[in-house]
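Asker: Residue numbers for the sequence shown follow UniProt numbering, so the first one is 1 and each next one is one higher.
For each residue, glycine too, the CB sits at the ideal point set by N, CA and C.
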Amino acid sequence: MWGDATNWDEDSYRDSILKERELQSLTVFRTAWAPSPDSGPDAVVVASSDGYLASYSLSTCISMIPVAFSGKRAQQVEPDGFIQAHDGPTYDVKFYANGENTLLLSCGDDGRIRGWRWKDFGTPELSVLPQGNHVNAVLDLMNPQHKGPWAALSPIPENNAIALDPQRGAIYSAAGDSCAYGWDVETNKIKMVFKGHSDYLHCIVARNSTHQIITGSEDGTARIWDCKTGKCLQVINPGKDKKLKGFSSCVSCIALDASESWLACSTGRSLSVWNIPVSECVSKTSTSAPIQDVKFDDRQILAVGAEPLLSRFDISGAILSQIPCAPQSAFSVSVHPSGVTAVGGYGGLVDIISQFGSHYCTFCCRCG
Numbered sequence: 001m002w003g004d005a006t007n008w009d010e011d012s013y014r015d016s017i018l019k020e021r022e023l024q025s026l027t028v029f030r031t032a033w034a035p036s037p038d039s040g041p042d043a044v045v046v047a048s049s050d051g052y053l054a055s056y057s058l059s060t061c062i063s064m065i066p067v068a069f070s071g072k073r074a075q076q077v078e079p080d081g082f083i084q085a086h087d088g089p090t091y092d093v094k095f096y097a098n099g100e101n102t103l104l105l106s107c108g109d110d111g112r113i114r115g116w117r118w119k120d121f122g123t124p125e126l127s128v129l130p131q132g133n134h135v136n137a138v139l140d141l142m143n144p145q146h147k148g149p150w151a152a153l154s155p156i157p158e159n160n161a162i163a164l165d166p167q168r169g170a171i172y173s174a175a176g177d178s179c180a181y182g183w184d185v186e187t188n189k190i191k192m193v194f195k196g197h198s199d200y201l202h203c204i205v206a207r208n209s210t211h212q213i214i215t216g217s218e219d220g221t222a223r224i225w226d227c228k229t230g231k232c233l234q235v236i237n238p239g240k241d242k243k244l245k246g247f248s249s250c251v252s253c254i255a256l257d258a259s260e261s262w263l264a265c266s267t268g269r270s271l272s273v274w275n276i277p278v279s280e281c282v283s284k285t286s287t288s289a290p291i292q293d294v295k296f297d298d299r300q301i302l303a304v305g306a307e308p309l310l311s312r313f314d315i316s317g318a319i320l321s322q323i324p325c326a327p328q329s330a331f332s333v334s335v336h337p338s339g340v341t342a343v344g345g346y347g348g349l350v351d352i353i354s355q356f357g358s359h360y361c362t363f364c365c366r367c368g
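#1: When you compare the CB positions of R168 and T90, do they come within less than 9 Å of one another, or not?
#2: Using a 10 Å radius around the Cβ and a threshold of 16 neighbouring Cβ atoms, would you call A152 buried or exposed?
#3: Identify whether R168 lies in helix, strand or coil by the three-state DSSP scheme.
#4: Give the DSSP-derived three-state secondary structure of F356 in the structure shown.
#5: What separation, rounded to the nearest whole angstrom, lies between the Cα atoms of K240 and F313?
#6: Could you say which of I254, L320 and V138 lies nearest to V333 if we only look at CA atoms?
#7: Just to check my reading of the structure: G344 and V93 have Cβ atoms closer than 8 Å, yes? What is that Cβ distance to the nearest angstrom?
#8: Taking only runs of the alpha helix (DSSP H) that begin and end inside the stretch 274-333, which ones reach a length of at least 4 residues, in chain order?
#9: Please look up how many angstroms separate the CB atoms of D87 and G51, rounded, as I've assumed it's under 8 Å.
#10: Any idea what DSSP makes of I156, helix, strand or coil?
#11: Spatial neighbours of S272 within its chain, please: C-beta separation below 6 Å, excluding the five flanking residues on both sides.
#12: Closest to V278 by C-alpha separation, out of K295, A289, E260 and Q292, would be which residue?
#13: Quick one, are the C-beta atoms of P324 and L349 less than 9 Å apart?
#14: What are the boundary residues of the beta strand (DSSP E) that includes L139?
#15: Measure the CB-CB distance between S249 and S270 and report whether it falls below 9 Å.
#16: Kindly indicate which three-state DSSP category R99 falls into: helix, strand or coil?
#17: Is the beta carbon of I190 less than 9 Å from the beta carbon of P155?
#18: Only counting the same chain, and skipping five residues up and downstream in sequence, which positions put a Cβ closer than 7 Å to that of V235?
#19: Can you name the start and end residues of the beta strand (DSSP E) that L58 belongs to?
#20: So L164 packs on Y96, CB below 8 Å; how close in whole Å?
#21: According to DSSP, is G71 part of a helix, a strand, or is it coil?
#22: With distances taken between CB atoms, is the gap from N160 to Y200 smaller than 9 Å?
#23: Starting from the C-beta of D177, find all residues in its chain whose C-beta is less than 8 Å away, skip the five residues before and the five after it, and write them out in chain order.
#24: Which value, in whole angstroms, describes the spacing of the CA atoms of L309 and L26?
#25: Going by DSSP, what residue range makes up the alpha helix (DSSP H) through W118?
#26: Does the beta-carbon distance from P35 to S338 come in below 9 Å?
#27: Among I113, T210 and I83, which has the Cα closest to the Cα of V185?
#28: Does the beta-carbon distance from A206 to Y172 come in below 9 Å?
#29: Look at A342 and H336 and say whether their C-beta atoms are less than 9 Å apart.
#30: Assuming S252 and Q292 make a contact with CB atoms under 8 Å, what is their CB distance in whole Å?
#31: On the criterion of 16 or more Cβ atoms from any shown chain inside 10 Å, does F356 qualify as buried, or is it exposed?
#32: Tell me the residue span of the beta strand (DSSP E) that contains T210.
#33: Specify the secondary structure class of A151 as computed by DSSP and reduced to three states.
#34: State the DSSP-derived secondary structure class of S259, mapped to helix, strand or coil.
#35: Residues in the same chain with beta-carbon distance under 6 Å from D140, minus the five sequence neighbours each way, listed in chain order, please.
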């Protein structure tokens, strides 16, 4: 016997299917811990493939979602605040400065770097509409276009990552035109262009103690640059030894330790660690899957990639631990000073892991 289709709403059914597919394909490209008045983790901000930035309260997520990690589908959680940050995927998010003047910065596929006052982003009085908080950007930078034959303009290159130097009022971006750009926050103008890579840039970190930046590119090299002159000081080639199992030409992600003396560098299914002051590679390690993000946690390295694992290495490349995580493919790992870690990736999933390796909660981001 067939059901009664008198009240069947074809449009609603179609919309629900499309929404479900969007949610399944939603990808978290970056997570960042928000500054908090105390020493504990308070909120995590997520940058995702739908162009949104969203802030999630850790206490709310833990109270709503069972603590135990399981293979069951993660529960979707409504953010405390969210905004349409970019036209296209949002690739990176970072906090600039501290205190009342803290800015929430992001970059994306549209070639822009945008910034909002964090205190405005989290204001409870703001009305949260389906399109997100009505918060005006206080910073909006756009990558330049290049002139070709007959004065034709190139497409605006995307920004894949940003690095910050708040003391000097600078933002650095890794762009899709094989250049890195140094921006002056006060004037909103480019003050330095770093040219030398032969392919687009994946990643960038600031080495503020020496007024340098380090970039990683699809061309297979990482380069150290002098921010005063724009000159390349050193070329690091992690794939020079191509006998290493899992070698891939591109440098997909890099990380500096707190002393800014050690550099972790990922090329496909391999991880290398470099002592920058002596320009020496101290270890190279093969991994079971391509690495897509790395971070230092004191003298240890956290790595995530195209497998549902959070791996911890020491400087010599030895695996210290591997913790299962929710995203089948993870693109971001961020460590709070307390040791709590956020892992984000495919499916819009974010996994919050304690400093002891237990799972606080796993939630699914809101799809814009």
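Answerer: With the given structure in hand:
#1: Numbered from its first residue, the sequence shown carries residue 168 at position 168. Numbered from its first residue, the sequence shown carries residue 90 at position 90. Going by C-beta atoms, R168 is not nearer than 9 Å to T90.
#2: For the purposes of this step, residue 152 is taken as residue 152 along the sequence shown, with counting starting at 1. So A152 counts as exposed.
#3: On the sequence shown, residue 168 is found 168 positions in, with the first residue counted as 1. Here R168 sits in helix by DSSP.
#4: Numbered from its first residue, the sequence shown carries residue 356 at position 356. Note: F356 maps to coil in three-state DSSP.
#5: Sequence index remark: in the sequence shown, residue 240 carries index 240 (1-based). Sequence index remark: in the sequence shown, residue 313 carries index 313 (1-based). Their backbone Cα atoms lie some 22 Å apart in a straight line.
#6: Within the sequence shown, residue 333 is the residue found at index 333, counting from 1. Looking at the Cα atoms, I254 is the closest of the given residues.
#7: Locating residue 344 in the sequence shown gives position 344, counting from the first residue. Locating residue 93 in the sequence shown gives position 93, counting from the first residue. Actually they are not in contact, since the Cβ atoms of G344 and V93 sit about 11 Å apart, beyond 8 Å.
#8: none
#9: In the sequence shown, residue 87 corresponds to position 87, counting from 1. In the sequence shown, residue 51 corresponds to position 51, counting from 1. So it is a contact: roughly 6 Å between Cβ atoms.
#10: Translated into the one-based positions of the sequence shown, residue 156 becomes position 156. Of the three classes helix, strand and coil, the one that applies to I156 here is coil, per DSSP.
#11: Translated into the one-based positions of the sequence shown, residue 272 becomes position 272. Cβ neighbours of S272 beyond the five flanking positions: P238, C265, C281 and K284.
#12: One-based indexing of the sequence shown puts residue 278 at position 278. For the residues K295, A289, E260 and Q292, the minimum Cα distance to V278 belongs to E260.
#13: Position 324 of the sequence shown holds residue 324. Position 349 of the sequence shown holds residue 349. It is not a contact, given that the beta carbons lie outside the stated cut-off.
#14: For the purposes of this step, residue 139 is taken as the residue at position 139 of the sequence shown. Start and end: L139 to M142.
#15: Residue numbering aside, residue 249 sits at position 249 when the sequence shown is read from its first letter. Residue numbering aside, residue 270 sits at position 270 when the sequence shown is read from its first letter. Cβ distance not < 9 Å, so S249 and S270 don't count as in contact.
#16: As a first step, residue 99 must be located in the sequence shown, where it is residue number 99. A small correction: the amino acid at residue 99 is Gly; Arg does not occupy that position in the sequence shown. Note: G99 maps to helix in three-state DSSP.
#17: As a first step, residue 190 is located in the sequence shown; it is residue number 190 there, counting from the start. As a first step, residue 155 is located in the sequence shown; it is residue number 155 there, counting from the start. Taking 9 Å as the Cβ cut-off, I190 and P155 do not qualify as a contacting pair.
#18: Walking along the sequence shown from the start, residue 235 turns up at place 235. So the qualifying residues of the chain are T221 and R223.
#19: Residue numbering aside, residue 58 sits at position 58 when the sequence shown is read from its first letter. Note, L58: premise wrong, no beta strand (DSSP E); alpha helix (DSSP H) at L58 to M64.
#20: Stepping through the sequence shown from its first residue, residue 164 is reached at position 164. Stepping through the sequence shown from its first residue, residue 96 is reached at position 96. Confirmed, about 5 Å.
#21: Looking up residue 71 in the sequence shown gives position 71. For G71, the pLDDT reaches just 48, beneath the cut-off of 50, and the residue's location in the model is therefore unreliable, although a value from the coordinates is still provided. Three-state result, G71: coil.
#22: As a working mapping, residue 160 is identified with position 160 in the sequence shown. As a working mapping, residue 200 is identified with position 200 in the sequence shown. Going by C-beta atoms, N160 is nearer than 9 Å to Y200.
#23: Working through the sequence shown from its first residue, we reach residue 177 at position 177. So the qualifying residues of the chain are N143, H146, S154, P157 and Y200.
#24: Along the sequence shown, read from residue 1 onward, the residue named residue 309 stands at position 309. Along the sequence shown, read from residue 1 onward, the residue named residue 26 stands at position 26. L309 and L26: Cα-Cα distance of roughly 19 Å.
#25: Here residue 118 refers to the residue found at position 118 when the sequence shown is read from its first residue. Segment W118 to F121, the alpha helix (DSSP H) holding W118.
#26: Here residue 35 refers to the residue found at position 35 when the sequence shown is read from its first residue. Here residue 338 refers to the residue found at position 338 when the sequence shown is read from its first residue. Taking 9 Å as the Cβ cut-off, P35 and S338 do not qualify as a contacting pair.
#27: Within the sequence shown, residue 185 is the residue found at index 185, counting from 1. The shortest Cα separation from V185 among I113, T210 and I83 belongs to I113.
#28: Within the sequence shown, the letter at position 206 stands for residue 206. Within the sequence shown, the letter at position 172 stands for residue 172. Cβ distance < 9 Å, so A206 and Y172 count as in contact.
#29: Stepping through the sequence shown from its first residue, residue 342 is reached at position 342. Stepping through the sequence shown from its first residue, residue 336 is reached at position 336. Yes; because the gap between Cβ atoms is below 9 Å, this pair is in contact.
#30: The sequence position of residue 252 within the sequence shown is 252, counting from 1. The sequence position of residue 292 within the sequence shown is 292, counting from 1. So it is a contact: roughly 6 Å between Cβ atoms.
#31: Counting from 1 along the sequence shown, the entry for residue 356 is found at position 356. F356 should be labelled exposed.
#32: Within the sequence shown, numbered from 1, the residue matching residue 210 stands at position 210. Run containing T210: none; DSSP gives neither H nor E here.
#33: The residue you call residue 151 lines up with position 151 of the sequence shown. In the structure shown, A151 sits in a helix (DSSP, three-state: H, G or I).
#34: Taking the first residue of the sequence shown as position 1, residue 259 is located at position 259. In the structure shown, S259 sits in coil (DSSP, three-state: anything other than H, G, I, E or B).
#35: By 1-based counting over the sequence shown, the position of residue 140 is 140. Here the set comprises R114.
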